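Numbering (the numbering used here), first residue to last: 45 to 647.
Backbone N, C-alpha and C fix where the C-beta goes; we use that ideal spot for every residue, glycine too.
Predicted model only: the values in this text are computed from it and were never measured.
This report refers to the structure that appears directly beneath it.
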Amino acid sequence: MYALVRVLAFLRPYRGRVAAAWLCMLASAGFVLAAPQLIRWAIDFGLKADRGTGVAVGSTRTLVIAALAVVAAAALRGVFAYGHTYLGEWISQRVAYDLRNLIYDRLQRLSYAYHDRQQTGQLMSRATQDVEAVRWYINMGVLRFAYIIVLLVVVLALMMAFNWKLALVSWAFLPLVAWRSIVMTSRLRPLWMEVQDGLGRITMVLQESLSGMRVVKAFAREEEESRKFAAEASNIFRNSYGANREQAFNAPIMTGLWMLAMAATVWFGGREIIEGNLKAGELTAFLLYLTLVQMPVRSLGWILMIFARAQIGAQRMYEILDAESAVKEKTGAIELRRAQGHVRFENVSFGYDSVSPVLRGIDIDARPGQVIALLGPTGSGKSTIVNLLPRFYDVSGGCIVIDGTDIRDLSLASLRRAIGIVQQDVFLFSASIRDNIAYGAVEASQKEIEAAARAAHIHDFIMGLPDGYDTWVGERGITLSGGQKQRVAIARTLLMNPRILILDDSTSSVDTETEYLIQRTLARLMKGRTSFVIAQRLRTVKMADQILVLRDGQIVERGRHQELLRRGGFDRQIYALELRDQEEALAGRARTETPATAAGSGA
């Protein structure tokens, strides 16, 4: 229950409205309780019987007054019930709004290490279904529960005041109803927990299937994906059906118990009237109060079910809110202003866990304006190195220094503003091309956006589209080719004008001609910037001031391209396996273009 108690803290900013809701609740309960008393008064005083003849000789005036009083009580009860319902809904929706924003903000601030271990579908379910369960707890479990308790306590007290014997007769059935409610709740709790977990799983299956639709179709796996989705949907159906069947089974049992309570009350109350111990109006009021007490007693099971679902939802929700980020900003962190771009890795080691290190003893001295090429086979640690620089992960040992300051002493925002990244897996948002390019510099002018697009050799393509820069990009940029997405991502990074560039295989998705144009432009734009480049393109390797050759998480060679070739080490092997074909292709292209150029000039 601790998670549910913690949720109550979200009511603090709205304590004035909570107080108003409770006042409305008390007033509404008061007028509900007044109605049976008014009816009792009308029967006992408005419908008096003549003692001699037994004929009713009631007062019309009394009946009219009683009827008007009942109508007034009902109207006022409606007004206050509306206030209670409106305020309860407003408060619960506002708490849900705060929770969703808090969860989303927390997810944004958690490091890569957290998201590496999580499933997107489960996170989406916690931000939607689990928050909704907590919202119901605030509205029905906190505010409505108070109404039910007040109503129950006062009605039981009034019943005892009317006739304690009659009260004991009718109360004999209350433990049975309460017992059935508790049994029903205990059976419903695991079912609803399965339903909520199932919603998370089905969301995950749906998200993965839709995101990977091209892969699904390429491998003709539509039927298998449909079976996976159907299995999860069947699980939700089975548990939801089981929960509703449990409720449907218990509802007539509890109704039957209440009918037995009514029958016993009428029988015993009739005897009390005959013996002169009770008036007819009092028995009528007593039966109305018994009807009123039925609602809170039967609702207890429903409220307990809401508590159970909210407890599960709150626990799952707080798993996100209580998660500790592996990357934390130091209190009083320094703002990185006017970075020069002098980057040093000093004996850096890193591992995603404590058992298997990924990097060991990494030393890099990258001076402003230098291009550092990271070369090595898959899994050698190239991407890990560039992920450590903007603190997507924190080093396990050693330190990374920018302009003499450990990056752990810098504020994350200022550090990442100084670093421009074009990642290998390019992600574009469902927005216009203009918005995607200006994502990191939202205040950039159209002229600046176009200049960045020209630098990335994407401007002419954009202007050829029907809507130009207002052209809408599909989800994850699916309406663009790989090379076009890559160039938009490069333009997005260049617009930030960072002092440090990270190009993670940034020209891997473009053709040779486009890559040549981009590399020529980048060569000019990299001047004055420290650039870390991961690529398997020969041009990238040749333009580097330092080539760091990695193997098994260690730098095994360093130097310029020709230097490393002369040494004949591991770099020579990579060159022979991956880069020689590119060099031969470029040489062949140069030989074929030379005669054509000469012929053209001779003409």
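Whether residue i touches residue j by CB criterion (8 Å)
i: ILE465; j: ALA383; result: no
i: PHE394; j: VAL402; result: yes
i: ALA533; j: VAL470; result: yes
i: LEU538; j: ALA496; result: yes
i: ARG179; j: GLN137; result: yes
i: SER214; j: ALA308; result: yes
i: TRP85; j: GLY325; result: yes
i: ILE317; j: LEU327; result: yes
i: MET248; j: GLN163; result: yes
i: LEU459; j: LEU380; result: yes
i: VAL392; j: ILE444; result: yes
i: LEU200; j: VAL337; result: yes
i: ILE599; j: ILE356; result: no
i: ALA462; j: PRO542; result: yes
i: ILE182; j: ILE347; result: no
i: ALA64; j: LEU131; result: yes
i: ARG353; j: ALA222; result: no
i: GLN81; j: ALA329; result: yes
i: GLY527; j: ARG404; result: no
i: GLU266; j: VAL260; result: yes
i: SER369; j: ARG573; result: no
i: MET540; j: ALA588; result: no
Pick from the options that is closest to residue i, judged by C-alpha positions
i: PHE293; options: ARG231, GLU266, PHE312 and GLU252; result: ARG231
i: LYS372; options: LEU419, ARG411 and ASP438; result: ASP438
i: ILE477; options: THR523, CYS443, ILE451 and LEU220; result: THR523
i: VAL139; options: GLY385, THR299, ILE318 and VAL186; result: VAL186
i: PHE124; options: ILE109, GLN81, ASP142 and PHE75; result: PHE75
i: ALA79; options: VAL115, THR106, TYR58 and ALA64; result: VAL115
i: ASP548; options: ILE502, THR428 and LEU210; result: THR428
i: LEU433; options: ARG452, MET349 and GLY376; result: ARG452
i: ARG282; options: ILE297, LEU243 and ALA262; result: LEU243
i: THR106; options: TYR158, MET203, ILE83 and PHE473; result: ILE83
i: ALA117; options: ALA71, GLN152, HIS159 and SER155; result: ALA71
Run of the alpha helix (DSSP H) containing residue i, from where it starts to where it stops
i: SER214; result: 208 to 215
i: GLN152; result: 104 to 153
i: LEU594; result: Premise fails: LEU594 lies in the beta strand (DSSP E), 590 to 595, not in any alpha helix (DSSP H).
i: ARG478; result: 477 to 481
i: VAL49; result: 46 to 51
i: VAL175; result: 175 to 180
i: ALA535; result: 526 to 539
i: GLY300; result: 266 to 318
i: LEU459; result: 456 to 461
i: ALA499; result: 490 to 499
i: LEU432; result: 426 to 432
Close-in-space but distant-in-sequence residues of the same chain around residue i (CB under 7 Å, 5 per side omitted)
i: GLU628; result: No answer about GLU628 holds up, because its pLDDT of 46 lies below 50 and its placement is not dependable.
i: VAL62; result: LEU55 and ILE135
i: LEU621; result: Low confidence applies to LEU621: its pLDDT is 46, below 50, so where it sits in the model is not reliable enough to give any reading.
i: HIS503; result: GLU494 and ALA497
i: ASP142; result: PHE54
i: LYS374; result: ARG452 and ASP453
Cutoff 6 Å; reference residue i; Cβ partners in own chain excluding five residues on either side
i: TYR46; result: none
i: ARG56; result: none
i: ILE147; result: ALA171 and ILE364
i: SER169; result: LEU243, GLY244 and THR247
i: SER440; result: SER393, PHE394 and GLY395
i: PRO340; result: ILE192, LEU195 and LEU196
i: ASP174; result: GLY357, ARG360 and MET361
Unbroken beta strand (DSSP E) run spanning residue i, endpoints
i: ARG404; result: 403 to 410
i: VAL387; result: 387 to 394
i: ASP548; result: 544 to 548
i: PHE576; result: 574 to 578
i: GLN598; result: 598 to 603
i: VAL27; result: Within the shown structure, residues of the chain are numbered from 45 to 647, placing residue 27 beyond reach of any answer.
i: VAL517; result: Element bounds for VAL517: n/a, residue is neither H nor E.
Neighbourhood of residue i by C-beta, 8 Å cutoff - its chain only, sequence neighbours within 5 removed
i: ARG50; result: ALA358 and TYR362
i: LEU52; result: VAL186
i: MET570; result: GLY413, VAL415 and LEU545
i: VAL198; result: ALA73 and LEU77
i: ILE506; result: ILE477, ALA497, GLY512, TYR513 and THR515
i: MET349; result: MET228, THR229, LEU232, ARG233 and TRP236
i: ARG595; result: GLY420, PRO421, SER424 and PHE614
i: GLY98; result: For GLY98, the predicted model reports a pLDDT of 48, less than 50, meaning its position is unreliable; a value from the coordinates is still stated below. Excluding positions up to five away in sequence, the list is empty.
i: GLY60; result: none
i: ARG624; result: Since pLDDT at ARG624 reaches only 49, below the 50 mark, its modelled position is unreliable, and no value is offered.
Whole-Å CB distance - residue i paired with residue j, under 8 Å assumed
i: LEU220; j: LEU301; result: 5 Å
i: LEU592; j: LEU419; result: 7 Å
i: VAL577; j: ALA417; result: 5 Å
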